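Each remark here refers to the structure printed beneath this line.
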Amino acid sequence: MSVSTPLLDNTIEPDEPEHISGNINASNNNNTRQPVVLTPTNHGNENRMASTQSDAESGIAGIFRQSTHPIALFFLYFFRIAAIVLYILAETVVDNYVLSTVLVVVLLAMDFWNCRNVAGRTLVGLRFWNQVDDDGESYWVFESRDPSRPANPVDSKMFWIAIYVFPALWIALLLTCLISLGVSYLPIVLLALIFNVTNAVGFTYADRDAKQRWANRVAGGGWGLGGFGGSIITGAVQRGVGRIFSS
1 MSVSTPLLDN
11 TIEPDEPEHI
21 SGNINASNNN
31 NTRQPVVLTP
41 TNHGNENRMA
51 STQSDAESGI
61 AGIFRQSTHP
71 IALFFLYFFR
81 IAAIVLYILA
91 ETVVDNYVLS
101 TVLVVVLLAM
111 DFWNCRNVAG
121 RTLVGLRFWN
131 QVDDDGESYW
141 VFESRDPSRP
151 ANPVDSKMFW
161 IAIYVFPALW
171 IALLLTCLIS
181 LGVSYLPIVL
191 LALIFNVTNA
201 VGFTYADRDA
211 KQRWANRVAG
221 GGWGLGGFGG
231 SIITGAVQRG
241 VGRIFSS
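When we follow the UniProt record's numbering, the leftmost residue of the sequence shown carries the number 1, and every step to the right adds one.
Set out below in structure tokens:
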């Protein structure tokens, strides 16, 4: 019996490796979604009206919103601004010396009364007037609100701005009137200065008197120390207030 020859006389050669061009994971990359990176932007804040509370409360509208007495604050500035604007535009708009003079004087008188009796009392809790006693001597009387009820900071700030800024504006108009030799309108400017300076001086002394009386009240109490301690505190407070508010 003959020996059969094997069908495969040689060893099995491995297949030649296939050369695949490109990335092996190319097919997988085509199916994967690129990651999305979220970056913060300011597009959502572009249409906001105000970024902070101070921005929301800024401007004239914000001042009146924060005011405790917006009507009194409005008329305090209305009469003063209207008098100055009418004086400046007297020759071009009214074109009548008598009518413009009467209107400016009426506005100044209304501002003087409103500032002394309404605005000062409601906005800062101060009031003053001149009184004549039986002997014929005149003296100033100052009235102030209880320190336990402080004024609104916005009302107080706007009141003192009006008290000191508008006299400075009338002084500037006085200098302009003298330089341009506008003698006909000089009485109006002088009257405006008398009214404005009177209010400025009166409320300044009323505020000083209120602080002095408050200091005396606090020092007199001595914060419950009494005796020697109260006298020491009384002297210290009175000396400090005297240095600050001395004329």
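Ideal Cβ positions, reconstructed from N, Cα and C, are used throughout, including at glycine.
All values derive from a computational prediction rather than experimental measurement.
### Message
Please classify E46 as buried or exposed, where buried requires at least 16 other C-beta atoms within 10 Å of its C-beta.
### Response
Mapped onto the sequence shown, residue 46 falls at position 46. Because E46 carries a pLDDT of 41, less than 50, the predicted location of this residue cannot be relied on, and the following value inherits that uncertainty. Exposed, since its Cβ has fewer than 16 Cβ neighbours within 10 Å.
### Task
Check R213 in the structure and name its three-state DSSP category.
On the sequence shown, residue 213 is found 213 positions in, with the first residue counted as 1. Helix.
### Query
In three-state terms, what does DSSP make of R149?
Within the sequence shown, numbered from 1, the residue matching residue 149 stands at position 149. It is coil, neither helix nor strand.
#### Entry: Spatial neighbours of A109 in its chain, beta-carbon cut-off 8 Å, leaving aside the 5 residues before and after
Residue 109 sits at position 109 when you count from the first residue of the sequence shown. Cβ neighbours of A109 within its own chain (closer than 8 Å, five residues either side excluded): F195.
### Message
Along the chain, where does the beta strand (DSSP E) containing L123 start, and where does it finish?
### Response
Position 123 of the sequence shown holds residue 123. It is not in any beta strand (DSSP E) - L123 carries neither H nor E in the DSSP assignment.
### Query
Just how far apart, CA to CA, sit D111 and A162?
Walking along the sequence shown from the start, residue 111 turns up at place 111. Walking along the sequence shown from the start, residue 162 turns up at place 162. Those two C-alpha atoms are separated by around 11 Å.
### Query
Would DSSP call S184 helix, strand or coil?
As a first step, residue 184 must be located in the sequence shown, where it is residue number 184. Helix.
### Residues of its chain near T39, where Cβ-Cβ distance is below 6 Å and the 5 sequence neighbours each way are ignored
Position 39 of the sequence shown holds residue 39. No answer about T39 holds up, because its pLDDT of 45 lies below 50 and its placement is not dependable.
#### Entry: Contact between the region 111-126 and the region 142-152 (3+ Cβ pairs under 8 Å)
yes
### Reduced DSSP category for N96 - H, G, I as helix; E, B as strand; rest coil
Position 96 of the sequence shown, counting from 1, holds the residue named residue 96. Coil, per DSSP.
#### Entry: Sub-8 Å separation of A206 and P167 beta-carbons
Position 206 of the sequence shown, counting from 1, holds the residue named residue 206. Position 167 of the sequence shown, counting from 1, holds the residue named residue 167. Result no, Cβ atoms of A206 and P167 do not sit closer than 8 Å.
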